[in-house]
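Asks:
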Amino acid sequence: MNNMLLERLLQEQTSQLKGGIYHRTQIDFCYNSNHIEGSQLTREQTRYIFETNTIGIAQQAVNIDDIIEAINHFRAFDIMLHSATEPLSSNDQIISQHF
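Counting from 6, one number per residue, gives the positions in the sequence shown under my numbering.
#1: If you draw a straight line from the C-alpha of Cys35 to the C-alpha of Leu46, how long is it?
#2: Apart from the five residues just before and just after Arg52, which ones in its own chain have a Cβ nearer than 7 Å to its Cβ?
#3: My understanding is that Ile54 touches Ile72, with C-beta atoms under 8 Å, so please give their C-beta distance in whole angstroms.
#4: When you compare only the Cα positions, how much space is there between Ala89 and Ala75?
#5: Hey, could you find the ends of the alpha helix (DSSP H) Leu10 is sitting in?
#6: Over the uninterrupted alpha helix (DSSP H) stretch that includes Thr57, give me the two end residues.
#7: DSSP three-state label for Ile60, please.
#8: Shortest alpha-carbon distance to Gly24 belongs to which of Arg80, Ser44 and Glu56?
#9: What residue from Leu86, Ser38, Asp70 and Glu49 has the CA that sits closest to Phe19's CA?
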């Protein structure tokens, strides 16, 4: 199995490269997934939370649940990356991501 994409994502995560595929995937995947679920965060707000780990939103009410969901989404994606080569034969890994 060719893991070039996985290796690239992990490398960019470690180096904290902005603008690369890891950075873009985290922001776009989180924004789109959470937007489908009803999050009111804009793509820019999602990007800001990812890049700074802060809210930084002035003069605008933001649902705290949306912020928590975004942060949890970023963490879940990282866990998924680090366990991507492990077999899915165990339900423990899948179940642990939902609690």
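By construction, the Cβ of each residue, glycine as well, lies at the ideal position given by its N, Cα and C atoms.
All figures in this text were calculated on a predicted structure; none of them were measured in a lab.
Replies: This is what the structure holds:
#1: Each residue's Cα considered, the two are about 10 Å apart.
#2: Around Arg52: Ile32.
#3: Confirmed, Cβ separation roughly 6 Å.
#4: The straight-line gap separating the alpha-carbon atoms of Ala89 and Ala75 is approximately 21 Å.
#5: Annotation: the continuous alpha helix (DSSP H) that includes Leu10 extends over Met9 to Ser20.
#6: Where Thr57 is concerned, the enclosing alpha helix (DSSP H) stretches over Arg48 to Thr57.
#7: DSSP places Ile60 outside both helix and strand once states are collapsed to three, so it counts as coil.
#8: Gly24 has its Cα closest to that of Glu56, out of Arg80, Ser44 and Glu56.
#9: Going by the sequence as given, residue 19 is Thr instead of Phe. Considering only alpha carbons, the answer is Leu86.
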